[in-house]
Amino acid sequence: MPPYKTGLLKRKISENTNKTEDNSSNSSCDDHNLITGDLDKEEDSSDSDNEDGVVPSDTELDGVVFDSGDSLLSDDAANESLEESSDVSDSEEDEASDGSNEESDSDKSESNTEGTNANTAKSKLKPDNEDSGAESGSGSALRPPRSPRSSRHNTNKKPFKKKEFKQTKTVADKNANSSVDALEQKIKEVQVNIQPVQEKDEYESGDTSDEEGRVNTAGEVPRWWYAEYDHVGYDADGRRIARPPHADRIDDFLRKCEAPDFWRTVRDPSTGQEIILSKKDLELISRIREGRVPNAEHDEYQPWVEWFSGEVLQTPLRAFPEHKRSFLPSRDEQRHVARLVHALRMGWAKTRRQLADERRRNKELKFYDLWGSGAQEEQPRALQRHIPAPRRPPPSHAESYNPPPEYLLDDKEMKEWNSLEETPWRRKYTFLPTQHSCLRAVPAYPRFLRERFLRCLDLYLAPRAIKMRLTIRPEELVPQLPAPRDLQPFPTDEVLQFRGHTGLVRSADFDPAGQYVVSGGDDATVRIWEAGTGRCLRTIELGEPVRLVEWTPACPVTQRAVRVYDLVKQELVRKLLAGAQWLSALALHPAGDNLLLASYDRKCIWFDLELSSRPYQTLRLHAGAVRSVAFHRRYPLFASAGDDRHVVVCHGSVYNDLLQNPLLVPLKQLRAPPPRDQLSVLQVRWHPAQPWLLAACADGTLRLYA
Amino acid sequence: MADQAEVQLQVRFVTKQEQYAVPDSPYAIQSNVQSPELNNLLNAILKETKPLIQKVVEFDFLVCGELLCTSIAEHLQEKGISTEDTLEIEYLERFPAPKPQECLMHDDWVSSVHTHGSWILSGCYDNSIHIWTTKGQHKLAIPGHTSPVKGVSWVSIDGDQASFASCSHDQSAMLWVWNVARNSVDCVVTCRGHDKGVECIAVAVDAKHFATGSWDNNICLWSASLTDEDNVPAKKRSKPEQGNSRTPKSTLKGHREAVSAVKWVDYNTLLSSSWDHLLKLWDCELGGIKQEIAGNKAFFDADWSPLNNSIVTASADRHVRIYDPRSTESIVKTTFTSHTGWVQSVRWSTTRDTLFLSAGYDGQVKLWETRSPRTPLYDLTGHEDKVLCCDYFDFVIIVKIALKSLALVIPRTPLYDLTGHEDKVLCCDWSNPALLVSGSCDNTVRIFKAKHATASA
Chain A
33 MPPYKTGLLK RKISENTNKT EDNSSNSSCD DHNLITGDLD KEEDSSDSDN
83 EDGVVPSDTE LDGVVFDSGD SLLSDDAANE SLEESSDVSD SEEDEASDGS
133 NEESDSDKSE SNTEGTNANT AKSKLKPDNE DSGAESGSGS ALRPPRSPRS
183 SRHNTNKKPF KKKEFKQTKT VADKNANSSV DALEQKIKEV QVNIQPVQEK
233 DEYESGDTSD EEGRVNTAGE VPRWWYAEYD HVGYDADGRR IARPPHADRI
283 DDFLRKCEAP DFWRTVRDPS TGQEIILSKK DLELISRIRE GRVPNAEHDE
333 YQPWVEWFSG EVLQTPLRAF PEHKRSFLPS RDEQRHVARL VHALRMGWAK
383 TRRQLADERR RNKELKFYDL WGSGAQEEQP RALQRHIPAP RRPPPSHAES
433 YNPPPEYLLD DKEMKEWNSL EETPWRRKYT FLPTQHSCLR AVPAYPRFLR
483 ERFLRCLDLY LAPRAIKMRL TIRPEELVPQ LPAPRDLQPF PTDEVLQFRG
533 HTGLVRSADF DPAGQYVVSG GDDATVRIWE AGTGRCLRTI ELGEPVRLVE
583 WTPACPVTQR AVRVYDLVKQ ELVRKLLAGA QWLSALALHP AGDNLLLASY
633 DRKCIWFDLE LSSRPYQTLR LHAGAVRSVA FHRRYPLFAS AGDDRHVVVC
683 HGSVYNDLLQ NPLLVPLKQL RAPPPRDQLS VLQVRWHPAQ PWLLAACADG
733 TLRLYA
Chain B
224 MADQAEVQLQ VRFVTKQEQY AVPDSPYAIQ SNVQSPELNN LLNAILKETK
274 PLIQKVVEFD FLVCGELLCT SIAEHLQEKG ISTEDTLEIE YLERFPAPKP
324 QECLMHDDWV SSVHTHGSWI LSGCYDNSIH IWTTKGQHKL AIPGHTSPVK
374 GVSWVSIDGD QASFASCSHD QSAMLWVWNV ARNSVDCVVT CRGHDKGVEC
424 IAVAVDAKHF ATGSWDNNIC LWSASLTDED NVPAKKRSKP EQGNSRTPKS
474 TLKGHREAVS AVKWVDYNTL LSSSWDHLLK LWDCELGGIK QEIAGNKAFF
524 DADWSPLNNS IVTASADRHV RIYDPRSTES IVKTTFTSHT GWVQSVRWST
574 TRDTLFLSAG YDGQVKLWET RSPRTPLYDL TGHEDKVLCC DYFDFVIIVK
624 IALKSLALVI PRTPLYDLTG HEDKVLCCDW SNPALLVSGS CDNTVRIFKA
674 KHATASA
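In the order they appear, the protein sequences are chains A and B.
Once you know that position 640 of the first sequence is 672 in our numbering, the rest is easy, because the numbers rise by one and skip nothing.
Once you know that position 39 of the second sequence is 262 in our numbering, the rest is easy, because the numbers rise by one and skip nothing.
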């Protein structure tokens with residue numbers, strides 16, 4: 033039996049006992065006797081050795097139980113068994129007589145109420161329980177098998193036997209009334225004997241040990257392990273629990289027919305004992321089945337105490353202030369909501385209504401529109417791009433049927449009107465203002481039909497259309513380039529002239545430190561100058577005109593120069609195919625990979641060698657042939673000089689990032705000296721450290737720009 | 224201008240020169256008056272209040288800390304000051320116009336010039352050094368260097384014996400002793416330590432050592448003692464043809480381009496300017512950099528004045544800039560723009576803290592007042608070529624004027640443009656408070672006499 037059930041049972045019993053005490057005050061006299069007798073017996077037993085005192089009483093009960101089981105099989109068998117049992121032990125008879133006594137009592141009470149039958153039985157239980165309650169071991173004493181008990185049986189029985197005999201004599205004749213009755217009695221007795229032991233202990237002693245003792249301690253093992261034995265397990269004290277006698281279907285059927293309580297008899301699977309459920313138990317089960325609260329005592333409609341209500345109490349139960357969380361919006365919820373909203377917006381998630389709509393749409397039957405012309409039909413063509421008709425000016429006073437006299441044409445205006453017969457569009461009005469006495473007098477418009485017809489022709493022959501017009505301003509076509517003043521420093525002015533050469537200066541170069549300048553020209557001299565002041569320090573006479581001078585480069589450059597030359601040569605081959613006709617000069621960016629070519633056909637061509645073998649940009653900055661180009665070694669500057677009397681300085685920054693193209697910005701056009709023999713500047717060179725530009729000019733000077 | 228002419232101004236005249244003090248009473252004047260009218264007014268007041276002053280004194284007027292060059296109304300408009308308050312006008316005696324005094328003809332470009340006492344020392348591109356008197360008398364031409372001389376500086380003049388130092392493109396600096404009485408010169412020590420041409424030289428205030436800056440990006444410090452027993456090993460002394468040579472006491476490395484100028488700030492601190500756009504202040508004992516000021520262009524020259532503790536620089540553009548050596552940020556205090564070519568040389572006045580001299584490739588030497596940033600006080604025109612050097616001088620010596628022109632650029636306003644050179648002026652010198660000396664590519668050194676103002680004398 034599940035623990036909660038036992039608990040409930042106990043409670044019921046306690047109630048029952050109370051009730052029975054109230055109800056059967058009359059019938060309880062015998063019971064009292066019985067009780068007292070029992071008590072006496074128990075006292076005796078308790079006086080005597082614990083085990084000895086208790087065991088016999090229980091074993092008797094046991095015996096009764098099992099006998100009763102047997103007796104249920106058949107009347108005859110029951111009788112026999114009764115006899116046998118009486119043979120086996122006196123105590124059984126005693127018990128039976130006891131039971132019969134009780135039966136007789138309960139019979140009287142039964143006449144009052146049917147239900148009290150069980151109650152009375154239980155009321156009888158109580159004293160027993162009390163007895164066994166005094167003895168904690170009494171409950172557990174039920175289990176032990178008979179065999180050990182039989183040995184001490186006689187000796188133990190005797191003391192209470194005497195007492196019981198006195199009582200039994202009074203009811204002896206009734207005892208033999210009917211075997212069926214006896215069986216019933218016995219069943220009740222079983223109930224009486226079994227249940228009280230279970231229930232009573234806790235009330236009296238609060239000790240649950242006996243309850244545990246009733247439990248089969250064999251553990252969670254398959255029941256068939258005990259199939260070969262005549263016991264089904266062990267109780268708490270290690271005594272065997274006897275196997276209940278086997279009852280087949282026929283027995284069950286017979287019991288069903290005979291025993292009125294069969295329908296409420298259940299078998300405890302662990303101990304094999306049959307338990308008849310009390311009315312309370314049945315009520316409990318029925319309540320559970322109906323889904324109500326099992327406890328009948330429980331008042332479902334007791335007044336509700338609203339512990340957690342919205343109303344503000346005068347003296348609040350919760351004295352502490354509200355937590356900050358309670359008035360801060362939850363971040364997590366917010367995030368969750370945001371995610372949901374985002375999903376809804378993006379169409380990943382759909383609201384229930386949308387889903388329902390979709391489902392409904394899917395459910396609808398779809399038919400292919402055999403006669404439909406296509407998707408365009410869904411939208412009427414005219415509405416796709418509606419062009420509102422131009423708004424006409426509101427009618428003026430002249431258009432009125434009764435215009436003010438100043439709008440009417442006078443003679444002079446009428447003459448003009450008539451004179452413009454041939455060119456009606458020059459007239460002041462498209463109509464002739466006319467005065468009518470009333471609206472009714474206005475005649476029908478004579479050209480109505482014709483104008484309506486022309487209008488229809490207009491609509492048909494000259495539909496309005498949207499004319500797309502590109503609005504591109506010329507400034508937007510120019511690439512966004514930084515302002516030159518943000519790209520300083522770069523040379524802006526001529527600051528020095530190096531005078532000395534008498535012929536045109538073919539070539540010039542700075543020394544690596546930037547202190548000196550070397551130049552050579554057609555006057556067959558090579559001159560060395562101080563760069564900062566323009567002082568000619570030395571003049572070297574050569575027999576022949578000088579084509580090219582170059583300061584001895586620093587050592588590490590030489591090898592690279594050769595390699596670069598190879599590269600350049602390759603590119604030149606491709607280049608000639610690509611662009612310019614006659615190349616005049618080339619300059620290599622100090623970082624490599626970028627090459628600037630000057631050509632006689634007025635172009636400077638920038639190659640990004642990593643980008644492609646085609647020109648990255650072609651700069652048309654000169655009006656004449658470009659003679660020379662040069663890169664600055666430190667600043668992102670390059671310069672080109674041409675025959676057009678100009679030296680052009682450009683910003684050309686190259687990025688390490690391969691994705692970023694070089695930025696080329698023309699910065700400054702420097703004026704070169706006037707040409708001599710159609711030559712102006714023959715070579716440009718950059719100062720190695722400063723943003724200074726040196727130009728070798730045809731008029732025999734070197735010019736420094738800074 | 225028309226409506227501004229109507230405006231009346233309440234002005235009050237104040238001065239720091241007590242001999243010219245006038246009563247502290249406000250005067251109502253028209254707002255369109257310029258400094259000559261103010262000058263007349265002030266002289267009239269002075270004549271009433273101080274009968275002792277007989278002559279007419281020329282004054283300059285400072286309005287809101289800046290020299291008045293235009294009409295008061297325009298000046299106030301530029302400054303953004305209301306014309307309704309009483310205006311305080313400070314006046315001071317005008318620095319008199321320097322007069323061209325002498326022209327010292329050389330055979331070649333004059334690269335550097337230095338004056339001390341009555342002697343002028345000039346370095347020339349024909350590898351020679353010249354000594355002149357301030358009267359224009361040529362005392363001595365000294366060949367010695369094998370390349371153009373780039374810097375000269377007097378070390379000391381002590382009675383009959385004078386010593387000076389020079390540096391040249393031949394990678395050496397030389398220390399010379401000049402016997403004034405016998406007019407004989409002797410090279411005492413040749414200082415070798417630079418790998419490239421030596422560009423500039425500066426002698427310390429105590430004349431015990433000097434510094435040179437060179438194209439090899441280094442600054443070398445040398446002892447200036449004429450006897451060399453302490454720091455020259457015996458081996459080197461024994462070399463006959465080189466004479467005595469000397470190695471640098473220490474080398475200051477840090478610049479990345481040529482050092483264009485070195486100047487002593489005090490006995491321990493050295494100011495250097497370089498083509499790498501940096502001014503550096505060096506601690507000579509520790510050999511480290513005290514401070515660095517970055518400019519935008521290569522510096523050609525720099526000078527420091529003890530009177531106002533600021534640095535004036537000439538760089539590879541038309542502007543003269545003044546820096547504050549105490550500020551850590553490279554902020555230009557004032558920019559002076561009037562030259563039309565590169566400015567090659569700048570010198571502070573040694574007596575007036577607001578005056579300095581600049582010489583440029585436009586052949587002009589200009590005298591500046593720091594409170595007048597837009598226009599120089601005087602343009603000293605006379606050089607026909609680049610002025611390479613200038614110096615500022617002390618003596619009042621009347622010499623026959625050999626100048627082509629002396630133009631006061633805007634005679635009404637206090638600016639002086641001393642013309643005379645026909646080419647680039649390479650150097651200027653103002654070591655002597657009354658003489659402004661400049662050397663040029665037109666092979667001349669020109670001397671301008673600064674007449675002593677009675678107040679500043």
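Idealized CB from N, CA, C, for every residue including glycine.
Item, Value
"Under 8 Å between C-beta atoms, does L528(A) make it to chain B?", "yes"
"Kindly give me the distance between the Cβ atoms of V411(B) and L449(B), rounded to whole angstroms, as I take these residues to be in contact under 8 Å.", "5 Å"
"D383(B) and A404(B): beta carbons closer than 8 Å?", "yes"
"Name, please, each residue of chain A whose Cβ falls closer than 9 Å to the Cβ of E480(B).", "A545, G546, A721, Q722"
"Cβ of A244(B) within 7 Å of any heavy atom in the ligand GDP?", "Although the ligand GDP was asked about, the structure shown includes no ligands whatsoever."
"Consult DSSP for T551(B) and reduce its assignment to one of helix, strand or coil.", "coil"
"Kindly indicate if chain A contains any beta-carbon less than 8 Å away from that of G564(B).", "yes"
"Per DSSP, what kind of secondary structure is S258(B) in: helix, strand or coil?", "helix"
"If you follow the alpha helix (DSSP H) that S595(B) is in, where does it begin and where does it stop?", "Run containing S595(B): none; DSSP gives neither H nor E here."
"May I ask you to list the residues that DSSP assigns as paired with A279(A)?", "Note: A279(A) sits in no beta bridge, so no partner."
"Is Y601(B) buried or exposed, if buried means 16 or more other CB atoms sit within 10 Å of its CB?", "buried"
"Would you mind telling me which residues of chain A sit closer than 7 Å to Y348(B), beta carbon to beta carbon, in chain order?", "R567"
"For S681(B), is the classification buried or exposed, using 16 other Cβ atoms within 10 angstroms of its Cβ as the cut-off for buried?", "There is no way to answer for residue 681(B), as the model of chain B reaches only from 224 to 680."
"Give a yes or no on whether the minimum CB-CB distance between I621(B) and chain A is below 8 Å.", "Its pLDDT being 24, under 50, I621(B) is placed unreliably by the model, and the measurement read from it follows with that caveat. No, its Cβ sits nowhere closer than 8 Å to a Cβ of chain A."
"What does the alpha-carbon distance come out to for the pair S143(A) and D293(A)?", "Its pLDDT being 41, under 50, S143(A) is placed unreliably by the model, and the measurement read from it follows with that caveat. Spanning the two alpha carbons is a distance of roughly 18 Å."
"By the three-class DSSP mapping on this structure, what secondary structure does Y490(B) have?", "coil"
"I'd like the list of long-range same chain contacts for A721(A), defined as Cβ closer than 6 Å, with 5 residues on each side in sequence excluded.", "G546"
"What is the DSSP secondary structure of A738(A), counted as helix, strand or coil?", "coil"
"Check whether the Cβ of A671(A) lies closer than 8 Å to any Cβ atom in chain B.", "no"
"According to DSSP, simplified to helix, strand and coil, what is I317(A)?", "helix"
"In whole angstroms, give me the CA-to-CA distance for G532(A) and S473(B).", "40 Å"
"Which chain B residues sit within Cβ distance under 8 Å of P521(A)?", "N519, K520"
"Can you name the residues of chain B whose CB is closer than 7 Å to the CB of A430(A)?", "Per Cβ cutoff of 7 Å: no residues; A430(A) is ~55 Å from chain B at best."
"I want to see whether chain A comes within less than 8 Å of W355(B), judged by CB atoms only; does it?", "no"
"Nearest to F522(B) by alpha carbon, out of I512(B), L494(B), C507(B)?", "L494(B)"
"I believe V426(B) touches V378(B) by the beta-carbon criterion, under 8 Å. Please report the beta-carbon distance rounded to the nearest angstrom.", "5 Å"
"Could you tell me which of R321(A), I273(A), R717(A) sits nearest to W583(A), measuring between CA atoms?", "R717(A)"
"Is there contact between the region 685 to 699 of chain A and the region 502 to 520 of chain A, where contact requires at least three CB pairs shorter than 8 Å?", "yes"
"Is the region 493 to 505 of chain A in contact with the region 665 to 684 of chain A, if contact means three or more CB pairs nearer than 8 Å?", "no"
"Is the shortest distance between the beta-carbon of K649(B) and the beta-carbons of chain A less than 8 Å?", "Per the sequence shown, the amino acid found at residue 649(B) is Leu instead of Lys. Yes - at least one Cβ of chain A is within 8 Å of the one on L649(B)."
"Please report whether the beta-carbon of A738(A) lies at a distance below 8 Å from any beta-carbon of chain B.", "yes"
"What is the rounded straight-line gap between the Cα of R665(A) and the Cα of R652(A)?", "23 Å"
"Is any beta-carbon of chain A found at less than 8 Å from that of Y584(B)?", "yes"
"Quick check: the Cα distance between A728(A) and P366(B), rounded to an integer number of angstroms?", "34 Å"
"Ordered along the chain, which non-local residues of its own chain (more than five positions away) have a Cβ less than 6 Å from that of K431(B)?", "A447"
"Tell me whether E445(A) sits in a helix, a strand or coil according to DSSP, three-state version.", "helix"
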